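Asker: Handing you this structure, nothing more for now.
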Amino acid sequence: MSEFSESYHLRGASQEDAVQLLQRAGLNGIVFPSSNQWTSFVPTGQDWEGLPAIVQANLGLLLHYSYGEDHGWVIEVYEGAERQMVFQHWWDDSLDEEFDDLSASRPPNNPDLNLLTQWIPQSSENVEALRECLITDGEDRAYRFAHLIRLEYFKWLSPNHWSHNPDSLRKPGTIEL
83 MSEFSESYHL
93 RGASQEDAVQ
103 LLQRAGLNGI
113 VFPSSNQWTS
123 FVPTGQDWEG
133 LPAIVQANLG
143 LLLHYSYGED
153 HGWVIEVYEG
163 AERQMVFQHW
173 WDDSLDEEFD
183 DLSASRPPNN
193 PDLNLLTQWI
203 PQSSENVEAL
213 RECLITDGED
223 RAYRFAHLIR
233 LEYFKWLSPN
243 HWSHNPDSLR
253 KPGTIEL
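First residue of the sequence shown? That's 83 in my numbering, and the numbers climb one at a time after it.
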């Protein structure tokens with residue numbers, strides 16, 4: 083079974099902030115303990131279904147992280163309801179043709195290295211590693227990016243996974259709505 087993950091991460095926010103965001107969005111979900119200045123959460127429902135409501139209810143700095151083991155990865159950053167940046171990378175160029183009818187609605191890549199470098203431990207090696215995640219091929223780039231910005235909760239997380247297999251995501255300190 084291939085991994086598909088879709089998770090949300092508030093920067094510099096508490097678990098209670100994430101709970102309130104889900105409540106404002108009218109969604110249930112699971113909120114993980116804050117770690118490394120990130121509070122991660124996953125709404126219930128179908129994958130991508132909650133994104134519009136979450137973005138509209140967002141008051142802080144929000145990272146939307148998606149990873150499809152057989153497809154590629156996408157990160158989007160929102161300040162409030164305003165998208166600040168997007169980066170998407172697909173393993174197979176034929177996916178562009180397959181989803182050509184969606185290409186008009188897909189935003190262009192505009193990774194903001196100044197923003198992203200604020201989230202990593204400062205060293206020239208880490209800055210270069212971050213840059214490589216965004217400009218080179220390789221299926222490990224999504225995980226490498228998540229590790230660089232110090233996300234703790236991102237693997238095998240998705241609304242669909244949570245809705246169908248909640249026990250697999252329950253960890254000490256999680257809050258369920």
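In this text, a Cβ means the ideal position worked out from N, Cα and C, and glycines have one as well.
Small disclaimer: the values here were computed from a predicted structure and weren't measured.
(1) Am I right that Gly-111 and Pro-134 are in contact with their C-beta atoms under 8 Å? What's the rounded C-beta distance?
(2) Excluding the five sequence neighbours on either side, which residues of its own chain have a C-beta within less than 6 Å of the C-beta of Glu-258, listed in chain order?
(3) Looking only at its own chain, which residues have a Cβ that is under 7 Å from the Cβ of Pro-97, when we skip the five neighbours before and after it?
(4) Helix, strand or coil for Trp-238 per DSSP?
(5) My guess is that Ile-157 and Tyr-90 are in contact by the Cβ rule of under 8 Å, so how many angstroms apart are they, rounded?
(6) Taking a contact to mean a Cβ-Cβ separation below 8 Å, would you say Ala-95 touches Gly-142 in this structure?
(7) Determine the contact status of Ala-139 and Arg-106, defining contact as a CB-CB distance below 8 Å.
(8) So does Leu-233 have its beta carbon nearer than 7 Å to some heavy atom of the ligand MN?
Answerer: In terms of the structure at hand:
(1) With a contact defined as Cβ atoms closer than 8 Å, Gly-111 and Pro-134 miss out at about 15 Å.
(2) Ile-112
(3) Residue 97 is actually Gln in this sequence, not Pro. Excluding residues within five positions, the ones whose Cβ falls inside 7 Å are Val-113, Pro-115, Ser-116, Thr-121, Ile-257.
(4) coil
(5) Their Cβ separation, rounded to whole angstroms, is 11 Å, which puts Ile-157 and Tyr-90 out of contact at 8 Å.
(6) yes
(7) Pairing Ala-139 with Arg-106 gives a Cβ-Cβ distance under 8 Å.
(8) Summarising the ligand content, the structure contains no ligands, and the ligand MN is consequently not present.
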